[in-house]
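Undergrad: A single structure is presented below for examination.
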Amino acid sequence: MGYLPNYAIAWKYIKSDFVRYGYSLDSKKIVLNALFALNHCFTYSFWFRLAKVKTGLLYPLAKIMHRRLSRKYGIQIPVNTEIGFGLYIGHGVGLIINPTAKIGNNVNLSQFTTIGAHGKAANIGDNVYIGPSVCIVNEVNIGNNSTIGAGAVVVKDVPDFATAAGVPAKIINYNSTGELVNNRFKL
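Residues 1 to 187, numbered by full-length UniProt numbering, are exactly what the sequence shown covers, in order.
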């Protein structure tokens, strides 16, 4: 569950993540960015995606790099977590995701965010922006094109096109179109 069958598929995910950071698709730039941590958030995504392929020559290195970067940046995303195309990690510190979370395509995850406590975690749709210091603590559904405001504690479902904020989070409008999700990867 959550693992990728081969490096060709992992490479598609890596390219989709790279696009989200506003870069053009250039394999040389992707590798240089990953090796020299020009953008540490993308570098984390790169090694996370490669560690999801549990076979091949790169797997031992990817596993070590994923573990090393997890400690360095305080990002805990287990490799078996299901995350769609176009992952964007903003500011890349203090991010904790329960391995049972399911995260869609083109999702922005901000710093100091927790998704899931004990047991089953959230299902997050496509084109979702999750602001800084957000806690999504229950098995809730976050709809497509939704926005979760900074500091929100989400304990109930958030429908499509909604903006939720506050403690506990409440829907404050239905005008959200995921406008905070930039450089979307087109599937």
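Note that CB positions come from ideal geometry on N, CA and C, so glycine has one too. Note that the structure is a prediction, hence the values are computed from the model and not measured.
Taking only runs that begin and end inside the stretch 46–124, name each unbroken alpha helix (DSSP H) of 4 or more residues, in chain order.
TA: The qualifying runs are 59–73.
Undergrad: Determine which residues share a DSSP beta bridge with C135 and list them.
TA: The residue given as residue 135 occupies position 135 in the sequence shown. In the DSSP output, where bridge partners are listed per residue, C135 has T114, V153.
Undergrad: Smallest Cα separation from I75: which of G143, V19, L95, K186?
TA: Looking up residue 75 in the sequence shown gives position 75. Of the candidates G143, V19, L95, K186, the one whose C-alpha sits nearest the C-alpha of I75 is L95.
Undergrad: Could you tell me the distance, in whole angstroms, from the CA atom of R124 to the CA atom of N144?
TA: Within the sequence shown, the letter at position 124 stands for residue 124. Within the sequence shown, the letter at position 144 stands for residue 144. The sequence given here places Ile at residue 124; Arg does not occur at that position. For I124 and N144, the distance between alpha carbons rounds to 8 angstroms.
Undergrad: Our contact map puts L58 next to Y7 with C-beta atoms below 8 angstroms; I'd like the distance itself, whole angstroms only.
TA: Counted from its first residue, the sequence shown places residue 58 at position 58. Counted from its first residue, the sequence shown places residue 7 at position 7. With a Cβ gap of about 7 angstroms, L58 and Y7 count as contacting.
Undergrad: Write down the C-beta distance between G90 and S110 rounded to the nearest angstrom, noting that I regard them as a contact closer than 8 angstroms.
TA: As a working mapping, residue 90 is identified with position 90 in the sequence shown. As a working mapping, residue 110 is identified with position 110 in the sequence shown. About 5 angstroms; that satisfies the 8 angstroms criterion.
Undergrad: Find the nearest neighbour of S146 within the set V128, F18, R20, judged by alpha-carbon distance.
TA: For the purposes of this step, residue 146 is taken as residue 146 along the sequence shown, with counting starting at 1. Checked all of V128, F18, R20; the closest Cα to S146 is V128.
Undergrad: From the DSSP secondary-structure annotation, give me the bridge partner or partners of N144.
TA: What you label residue 144 is simply residue 144 of the sequence shown in a count that begins at 1. Per DSSP, none; premise fails for N144.
Undergrad: Tell me whether the beta-carbon of A121 lies closer than 7 angstroms to the beta-carbon of A101.
TA: One-based indexing of the sequence shown puts residue 121 at position 121. One-based indexing of the sequence shown puts residue 101 at position 101. Yes.
Undergrad: Grab the span of the beta strand (DSSP E) containing A164 for me, first residue to last.
TA: Position 164 of the sequence shown, counted from the first residue, corresponds to residue 164. 163–165 is the span of the beta strand (DSSP E), which, as asked, contains A164.
Undergrad: Look up N173 in the DSSP assignment and give the residues it is bridged to.
TA: Taking the first residue of the sequence shown as position 1, residue 173 is located at position 173. Per DSSP, T163.
Undergrad: Should E9 be labelled buried (16 or more other beta-carbon atoms within 10 Å of its own) or exposed?
TA: Counting from one through the sequence shown, the residue named residue 9 turns up at place 9. For the record, residue 9 in the displayed sequence is Ile; it is not Glu. Under this definition I9 is an exposed residue.
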